[in-house]
Every structure is written in structure tokens, then in C-alpha cells.
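Some notes on the structure that comes next.
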Amino acid sequence: MSSHKNKSHADWKAITKLFTHDRKNIHMGASQFVVSHPKPVHEAIDKYRKQLDKDPVQYTEKVENEYMQRVREAAAQYLQMENPDDIAVTDSTTMGLGLIYTALNLQPGQEILTTDHDHYSQHEAIRMATGRTGASFRRIRLFESLSSVSKEEIVLSVKESIRENTRVLGITWVHSSSGLKMPVPEIAALVREINVGRSEANKVLILLDAVHGFGIEKESFGELGVDFFITGCHKWLYGPRGTGIIAAKRSAWQTVTPIIPSFTEVMDKVIAEEERPKEMDGKQMTPGGFHSLEYRWALCDAFHWVMDMGKEAIWERVHELNRRCKEGLAEMEHVVVHTPLSDELSAGIISFDIAGYSTEEAVQALLDKGVIATASPYKTSWTRFTPGIINMEEDIDKALEVVQSLKK
1 MSSHKNKSHA DWKAITKLFT HDRKNIHMGA SQFVVSHPKP VHEAIDKYRK
51 QLDKDPVQYT EKVENEYMQR VREAAAQYLQ MENPDDIAVT DSTTMGLGLI
101 YTALNLQPGQ EILTTDHDHY SQHEAIRMAT GRTGASFRRI RLFESLSSVS
151 KEEIVLSVKE SIRENTRVLG ITWVHSSSGL KMPVPEIAAL VREINVGRSE
201 ANKVLILLDA VHGFGIEKES FGELGVDFFI TGCHKWLYGP RGTGIIAAKR
251 SAWQTVTPII PSFTEVMDKV IAEEERPKEM DGKQMTPGGF HSLEYRWALC
301 DAFHWVMDMG KEAIWERVHE LNRRCKEGLA EMEHVVVHTP LSDELSAGII
351 SFDIAGYSTE EAVQALLDKG VIATASPYKT SWTRFTPGII NMEEDIDKAL
401 EVVQSLKK
């Protein structure tokens with residue numbers, strides 16, 4: 001078993017008690033799927049809901065723009081971005097991917113480059129966007145084998161695949177299939193070199209599906225170096241269900257045209273026939289319409305709760321639990337761990353096989369013994385554990401005991 005010690009002073013046992021999920025099972029799959037609301041988030045949603053139910057018209061008209069801006073400000077603080085207006089608020093990662101790929105001002109002859117390892121939502125958003133614009137797309141493999149993958153191999157694969165007509169590089173921070181964490185800052189540095197000498201209309205834009213690194217990893221938006229950062233907030237951030245954000249560089253916002261009218265202050269300007277903003281930003285890309293307002297507004301409270309714990313402390317905790325789990329699984333003769341063991345190439349998802357079981361059979365066998373795991377939704381599907389701050393060490397150890405008991 002892992003001998004690593006968590007250096008954080010956070011009371012993790014007390015934190016796990018803030019979640020209200022059923023304790024009869026060990027929840028080893030929730031963090032990468034959809035989570036139970038922790039008490040501070042639940043209370044915030046309830047607070048806003050009561051005000052809305054009491055006087056929905058006047059309360060919404062009074063606070064909507066202010067509370068939405070609070071959400072952007074909290075997200076900007078978390079991502080260490082200077083301007084909260086460079087953040088759009090959405091419902092999910094999938095919505096964010098669809099919004100941006102569809103909104104990109106792609107031209108015939110340009111292409112989107114992505115990989116075989118990305119999620120269905122990214123692949124489909126790309127396919128539909130290129131079909132509408134006359135642009136094209138390619139998918140590439142980034143590595144030969146997970147057992148020998150390295151940062152250098154991944155970066156070289158990207159370098160060798162970018163062409164003169166490549167306009168967008170669509171990648172994922174942490175692959176939900178394998179748990180592999182991509183070297184995003186290194187890829188961004190490579191793209192900056194490639195962009196030297198290219199016209200603004202032909203520079204490669206990096207679009208990052210960030211959902212399985214967001215809430216775990218420590219890098220700021222600037223340190224990642226991407227153009228578009230798209231994520232849901234109901235997974236590793238433990239925010240309200242049905243919330244997400246898009247963060248982007250101001251220059252990147254100028255490459256898109258909104259496809260859903262916004263209900264921000266821009267709406268008032270348009271109605272009054274005043275001049276529209278000269279620059280695009282995240283506020284204008286935030287889809288209008290009436291959403292689950294109490295959930296969106298409570299996203300601000302979720303950000304502050306997580307920041308009070310500290311990004312460094314959460315990173316240490318999640319990686320500590322994942323090392324404990326991966327090392328325990330790797331010691332079992334009947335288990336093959338597909339996720340890299342190192343922290344630099346992994347985050348919070350652990351993908352593995354149990355000898356003698358299909359993935360579906362393994363997930364069911366674990367559930368029959370009180371452990372909730374998930375199956376990765378890919379053509380090649382593996383069993384997944386996702387230890388997060390909802391878990392304690394004893395959860396990991398009990399789950400490992402159950403996996404050991406499945407040896408045939």
C-alpha cells in the first residue's frame with residue numbers, strides 16, 4: 001500500500017460528511033460522473049430557490065445580472081484570469097463544446113485536428129461544425145501504448161500532425177477513457193512556436209475539454225496556455241448539477257459568432273437600439289433564456305468553498321488517494337491497470353481490467369459487493385474508479401479488498 005502522506009491540514013473526514021450520498025455503498029465512480037451536492041452548495045441552492053419562489057419576478061430582475069457576474073468573478077479567481085467577462089456560463093461540457101465549435105468562424109479548406117482518444121461529445125461537435133462550414137477534420141493517435149506513453153511522445157505526435165490548414169486543435173486535459181493526463185502546457189508551447197509567422201486568421205487555436213482536470217489540477221488558465229477552456233462544474237469541482245463554464249482568451253473570443261442570444265446587459269442595449277459592444281467576450285457568449293437560476297447562482301458558492309480548501313490541498317489529496325488505489329490494483333495478478341501510475345500523466349480517473357470479467361460484468365460484480373464503479377463509454381471500455389475528496393482511505397482499501405475477492 002502507498003506510503004505517501006497528505007501534507008494538507010484539511011479535515012478530510014469532516015469534508016466527506018458534507019456529502020449526503022447513501023453510505024451503504026462505496027462511491028468510487030461519482031466524481032467523474034455526477035456528484036452529490038456538498039452541504040455548502042446544497043444550502044446555497046436552497047437559499048436562492050426560496051427567494052425565487054417567494055417573489056420570482058422582482059427577485060430575478062433585481063439580482064440576475066449581479067449574481068451571474070459573481071459567478072464569472074469566482075470562476076476568474078479560481079482560474080487566475082484578470083477579466084471575468086472572458087468567461088461564459090453554460091450548462092455542461094457538452095454544451096460548451098457544441099457552442100464553441102458551432103460558433104467558430106471556420107472557412108472552407110481549414111481543418112480541425114483532434115485525436116482518437118477524445119470523448120463522443122467533442123467528436124460529434126467537430127463533425128457537425130465542419131459539416132456546416134465546409135471545413136474538414138482529422139483524428140490522430142497520440143501514442144503507441146499506455147504502458148510506455150510519455151509527454152515527449154504526445155507532443156511529438158501533435159507536432160508531426162499539424163498542417164498549414166490546421167485552424168483548431170481539439171484536445172482533452174484528462175482522458176475519461178484511460179485516465180491519461182495530457183501535457184497541455186507543453187502542447188501549447190509547441191503551438192505558439194508553430195503560430196509564429198502565421199496570419200491571425202490561420203493561427204492554430206487550442207480548444208481544451210478540461211472537465212476531468214478541472215477541480216483537481218493546479219494550473220491556471222494562463223499556465224495551460226490554451227485558447228478555449230471548456231468544462232462542466234458538477235464533477236471534480238462538486239458544483240451544482242447542470243452548470244459549466246467556457247473560459248477563453250480575449251483574442252479567441254474574436255474568432256466566434258454567438259449562436260444563442262445572450263440575456264446579459266447586451267440585451268438591453270440591443271432593445272434600446274444602442275451601439276453593440278465592439279469586442280466579443282464571454283458574457284455575450286453566455287446563452288440566454290431562463291435556466292435553473294438557483295443552480296447557476298450557487299456556482300459562485302461552490303467556487304468559494306473549493307478555494308477555501310485550497311487548490312494545492314485538493315491536488316495533494318486526490319493524487320494521494322489515486323496513488324493508493326493504483327498501487328493497490330497494480331499489486332494484484334488478476335488486474336491490469338491502464339492508467340499511468342505517475343502524477344504527471346494521471347489525475348483522478350483509474351481505468352483497469354479484471355481478468356475473467358468483461359467491463360460490464362466487472363462493474364456489476366463490484367456493485368453486488370457494495371462498490372460503485374463506472375464503465376468508460378468508449379468502443380474499448382474499461383472499468384473505472386475515481387477517488388476524490390468524497391472518499392476516505394478506508395473507502396479505497398475496502399474497494400481494493402472487493403477487487404481482490406473477484407480473483408477467479
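Number 188 in my numbering belongs to position 188 of the sequence shown; there are no gaps in the numbering.
We treat Cβ as the ideally placed atom computed from N, Cα and C, and that holds for glycine.
Count the other CB atoms within 10 Å of the CB of residue i; is the residue buried (16 or more) or exposed (fewer)?
i	result
L400	buried
Q122	buried
W290	A small fix is needed here, since residue 290 is Phe in this sequence, not Trp. The residue in question, F290, is exposed, as its Cβ has fewer than 16 Cβ neighbours within 10 Å.
K203	buried
I230	buried
E217	buried
Q364	exposed
K249	buried
N105	exposed
G131	exposed
On the premise that residue j lies in contact with residue i, defined as a C-beta separation below 8 Å, what is that separation, rounded to the nearest angstrom?
i	j	result
I390	V174	About 18 Å separates the two Cβ atoms, so there is no contact after all.
L113	I140	7 Å
M309	F221	So it is not a contact: roughly 20 Å between Cβ atoms.
T339	G179	3 Å
G96	G225	That pair is no contact at about 19 Å.
N165	E111	5 Å
A347	K181	5 Å
In whole angstroms, what is the alpha-carbon distance linking residue i and residue j?
i	j	result
F33	I314	18 Å
Q58	T94	32 Å
G232	V71	14 Å
I246	G356	42 Å
F143	P38	38 Å
V191	Q51	48 Å
P108	I26	51 Å
V89	A129	21 Å
Y295	V63	14 Å
N6	I162	Summary for N6: the model assigns pLDDT 41, below 50, so the residue's position carries little reliability, and this model does not support an answer.
I126	F137	7 Å
G242	D91	5 Å
E219	K408	42 Å
V196	D53	54 Å
G328	P183	26 Å
H304	A74	7 Å
M477	Y238	Here the chain comprises residues numbered 1 to 408, so residue 477 is not present and cannot be evaluated.
K151	L341	14 Å
V403	E344	26 Å
A103	P258	6 Å
D397	W12	16 Å
P185	F263	34 Å
Quiz item: In chain order, which continuous runs of the beta strand (DSSP E) of length 3 or greater are located wholly inside the stretch 113–173?
Solution: 136–140, 166–172
Quiz item: On the three-pair Cβ rule with 8 Å, is the stretch 38–54 touching the stretch 268–277?
Solution: no
Exercise. Say whether the stretch 193–213 touches the stretch 162–171, bearing in mind that this needs 3 or more beta-carbon pairs closer than 8 Å, one atom from each stretch.
Key: yes
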